[in-house]
Structures are given as C-alpha cells and as structure tokens.
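Reading the sequence shown from the start, the letters are residues -18 to 315 in this note's numbering.
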Amino acid sequence: MKAAAFDVPVAIFAFNRPKLTRRVFDAVAEQRPKRLFLVADGPRPDCPEDNVPCDEVRKILMEVTWPCEVATNFSDRNLGCGRRMSSGIDWLFKHVDAAVLIEDDCLPAPPFFEFCSAMLSRFANDSRIGLVSGSNFTWRHFQPPASYYFSRYTHIWGWGTWRRSWAHYDFGLRSLSLAREHRLLEEVFDDPQLADFWYAIFGAVKSGRVDTWDYQLFYASVINSWLNVIPAVNLVTNIGIGPDATHTKSSTSIDSQAPGDLQFPLRHPDFITRCRTADEITERDAYGIRRGKDSSSSSQSADQRRPTARSFAQREFARVVSVMRTLAPSRRGG
C-alpha cells in the first residue's frame, strides 16, 4: 500500500556525493511529497573529479516516480557552501510559505516528516517560533516531559521553517557591529564567556574566514529572540562523516547518534518557554562551553572576568572553527 502524499513542500540540497544523495532521496521518495524543490551546487573549478559525481547526483534527484510538482535550481558553477545553501533557500521561499529542508548528508527517519508537518502547521502564525528541527543533541542526558521542547539553538540536520522566518536571514551579518555596540549578546546570554564565544564565531563568519550559511541563521534566532522546536528524540542521522567529507573526517557523539522513537500523537509542552536545561547541555556538549564555577566563581565583576571578543577569537579561533565544522552538515563546496 502506497503512503499518502506528503503535503508540505520538501527541498533537497546536494553537491557531489551520489551515494549519500541516493539514501536521502530514497527516504524522501517514501513520503511522496506533492512538491519537491531540488538544489545542487556546480563542480569546483579546480576539481575536475567533481564533474561525474555532480552529474550523478542530479540524475538521482530527477528520479521522481510519483505524482509531484518538481522545481530545480542547479548551479552551472560552484557557489560554495555558504552561497549555494543561502541562495537556494532564498529561491525556495519565493515559491512556498513553509518547507522541510534536507541536505544530502542528513538522513531523516520517517517520523521526522510527520513531526515537521505537525509543528509547521501548529506554529505557522506564531512569530515567536523560528524553525522546527529534526535533530536532538541532548537526548543522552535529558528527556523532556513532552514530545518536544523549545530552544534558542537552530539545529539544521533536517529542519523546517517558514518564509516569515527566513525573511530575517542576513548572509553578511550586516547588523553585527551594531549588536556589539549595543551589547546585544550580553543581554541575550547570561554568561559573558558565552557571549564572547558567539561574538567570535559571528565575527569569523562575517569576515569570510569560514564559508558557511547556518550560523547566520542562528544569529537571526538570537537577535529576534526565537524559540525553536526540538524533538524529544533525535530524528535525523548525519551520514556524511567520514573520509569523503570535506572537513569532518571522524565521528563524534554529537553526529553519530541514531534516530529515536517518537510517539504519536504528540504531547505538547504546557508552556512556550525556552528549556534552559537542554540549552546548557547543548552548550557544554556541542560547543564546549562550561558554565558554573569555572567561569563565574571569581570575585571579579563580569566585565573584569570577560575577555574581549578579539582576544577570545585570537586564543580559541581554531577550536571555534572546529566546532562549527563538526555541527554543520554542509561543508562541501569550494
């Protein structure tokens, strides 16, 4: 018996990894989405070996055998990770109000689609909610009482969002200097070390030292005080870690987790508030930020304890970049 067609538009983003693309495409095909948006980057000019796998990826993406409206955005040239993803999402939201977005190394379990559909519908008109994630990085240490919780973090290993949220996205982080001038991150984060950590990351992104698109999305979450929906269990597996990856060659506890069992019907939280416990676990396990005595027990004032963002970046820039590359699925383009 064929599955009912999936009503929410689905977008797949790919580059030069046909084996991974095949697995992700097959998972999407099982859901038979009524509208499918396909985005692919072009071969890198200095990598002729990209030509064949890029062609293979596009052939796989076009193997649509169910009734479906298909739209393609295939680049003739290599745009790189940051520009390809951001321009592809720009294009997507010129056509739809909401969508599920999946990259070629993020393998969604079947409940991911039902979960995203339910959440995108439930919070469609609630501007407090920025996006819906399929990833959960805290499941080893924390189980929420409901089927999902709310976070300030924007996990994008399989996710869904709305045009209204993407409208706040700024690839170039043009307001970062103003945010620093007004000490915005100091207001958002209650730990000066955490504020400096994110100033360093956002500064690295703005300067172009890291080719990325996803930390700009988190910046939008921070400056707009979004709450983002995180499932109680992980629903997406990162299958792109390994020798063929551009940056992340080895697996970690963050990226190697298998999908869990999400029960339906969903149990909704009693209140729409951020789960501080889960976010602090994310900060500790995903970003290496330690709260508590190590960072706050000194008798010095917060201003005296806090190093400047510049000095922090100089001392720990390599670690920051390593964190970014571990948590971001798309590090494939030129």
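All C-beta atoms, glycine included, are put in the ideal place defined by N, C-alpha and C.
Exposure of residue i, with buried meaning 16 or more beta-carbon neighbours within 10 Å
i      : result
Ile270 : buried
Val51  : exposed
Ser278 : In this predicted model, Ser278 has a pLDDT of only 35, less than 50, meaning its place in the structure is not dependable; the value taken from the coordinates is given anyway. Its Cβ having fewer than 16 others within 10 Å, Ser278 is exposed.
Glu167 : buried
Lys0   : exposed
Asp57  : exposed
Arg287 : Note that Arg287 scores 40 on pLDDT, short of 50, meaning its location in the model is unreliable and no value can be drawn from it.
Arg248 : exposed
Ala294 : With a pLDDT of 45 at Ala294, under the threshold of 50, the predicted position of this residue should be treated as unreliable, though the coordinate-derived value follows. So Ala294 ends up on the buried side.
Ala99  : buried
Asp172 : buried
Ser102 : exposed
Ile222 : buried
Glu162 : exposed
Val9   : buried
Asp71  : exposed
Gly61  : buried
Those residues which DSSP pairs with residue i across a bridge
i        : result
Pro212   : Tyr129
Trp143   : Ala79
Thr218   : Leu88
Phe(-13) : Pro14
Thr53    : Leu19
Leu112   : Thr142
Phe318   : Look at the range of the chain in this structure, -18 to 315, and you will see that residue 318 is not part of it.
Arg255   : Phe131
First and last residue of the uninterrupted alpha helix (DSSP H) at residue i
i      : result
Thr2   : Pro(-1) to Ala10
Ile137 : That residue, Ile137, is in no alpha helix (DSSP H); it is neither H nor E in DSSP.
Ala201 : Asp195 to Ile204
Leu316 : The question about residue 316 has no answer here: the residues shown for the chain are numbered -18 through 315.
Glu37  : Asn32 to Leu42
Val169 : Leu165 to Val169
Leu241 : Here the sequence assigns Gly to residue 241, which means Leu is not the residue at that position. Taken as a continuous stretch (DSSP letters only), Gly241 belongs to no alpha helix (DSSP H), as it is neither H nor E.
Phe178 : Pro173 to Ser188
First through last residue of the beta strand (DSSP E) which encompasses residue i
i     : result
Pro89 : Cys87 to Pro89
Arg16 : Arg16 to Ala21
Residue i vs residue j beta-carbon contact at 8 Å
i       : j        : result
Ala79   : Val(-11) : yes
Cys256  : Phe131   : yes
Ala213  : Gln124   : yes
Phe(-4) : Val45    : no
Asp266  : Phe118   : yes
Leu243  : Pro29    : no
Asn215  : Gly111   : no
Arg133  : Ser202   : yes
Ser67   : Phe152   : yes
Leu165  : Lys187   : no
Ser114  : Trp140   : yes
Val316  : Phe94    : The structure shown has nothing for residue 316, since the chain only spans -18 to 315.
His136  : Ile211   : yes
CB-CB length for residue i against residue j, believed under 8 Å
i       : j      : result
Ile(-7) : Leu42  : 6 Å
Asp22   : Asn59  : 6 Å
Asp86   : Ile220 : 6 Å
Ser116  : Arg145 : Actually they are not in contact, since the Cβ atoms of Ser116 and Arg145 sit about 22 Å apart, beyond 8 Å.
Arg(-2) : Pro34  : 7 Å
Pro14   : Val217 : The pair is not a contact, with the Cβ atoms about 16 Å apart (cut-off 8 Å).
Tyr150  : Leu198 : 6 Å
Gly63   : Asp192 : 5 Å
Residue-chain proximity (residue i, chain B), Cβ-Cβ < 8 Å
i     : result
Phe93 : This model lacks chain B altogether, as it is built from one protein chain only.
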